[in-house]
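In this note's numbering, the protein residues as written are 1 to 105.
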């Protein structure tokens, strides 16, 4: 079964909101990296990842998010991650990434 990931970008006054839906794994991580890196490279705003409809993320996806965070921090901006489901939130806690990302309910 092939995983599916969709990204929807909305530009607001002070941030770029990217709504993530589906699953982030080895089969979708290249799309995630390409799109998020392009967004960060072309904007000087904070980045908000809206994750209400994100069902799953594996270690490759977490690695991409860390890479995106580094790019954002070089611009002195932040990443906000909103509305993670409980399983994904637990993964952020176990890996310690809840201490480097701004996680919001």
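Backbone N, C-alpha and C fix where the C-beta goes; we use that ideal spot for every residue, glycine too.
Residue burial classification, residue i (beta-carbon count within 10 angstroms, cutoff 16)
{"i": "residue 66", "result": "exposed"}
{"i": "residue 93", "result": "exposed"}
{"i": "residue 95", "result": "exposed"}
{"i": "residue 63", "result": "exposed"}
{"i": "residue 103", "result": "buried"}
When the options are compared against residue i, the one with the closest alpha-carbon
{"i": "residue 53", "options": "31, 39, 38, 82", "result": "82"}
{"i": "residue 24", "options": "17, 38, 58, 35", "result": "58"}
{"i": "residue 71", "options": "97, 3, 37, 29", "result": "37"}
{"i": "residue 43", "options": "21, 6, 68, 31", "result": "68"}
{"i": "residue 8", "options": "97, 79, 19", "result": "19"}
{"i": "residue 55", "options": "84, 80, 101", "result": "84"}
Cβ-based neighbour list, residue i, same chain, cut-off 7 Å, excluding 5 preceding and 5 following
{"i": "residue 17", "result": "10, 48, 50"}
{"i": "residue 99", "result": "none"}
N- and C-terminal bounds of the alpha helix (DSSP H) containing residue i
{"i": "residue 102", "result": "Residue 102 -> not in any alpha helix (DSSP H); beta strand (DSSP E) instead, spanning 102-104."}
{"i": "residue 62", "result": "59-74"}
Range of the contiguous beta strand (DSSP E) that encloses residue i
{"i": "residue 43", "result": "First-last for residue 43: undefined, no H or E at that position."}
Own chain, CB closer than 6 Å to residue i, minus 5 neighbours either side, in chain order
{"i": "residue 88", "result": "57"}
{"i": "residue 3", "result": "23, 25, 27, 28"}
{"i": "residue 21", "result": "6, 53"}
{"i": "residue 61", "result": "24, 29"}
{"i": "residue 33", "result": "64"}
Presumed contact (8 Å Cβ cut-off) between residue i and residue j, rounded CB distance
{"i": "residue 46", "j": "residue 77", "result": "5 Å"}
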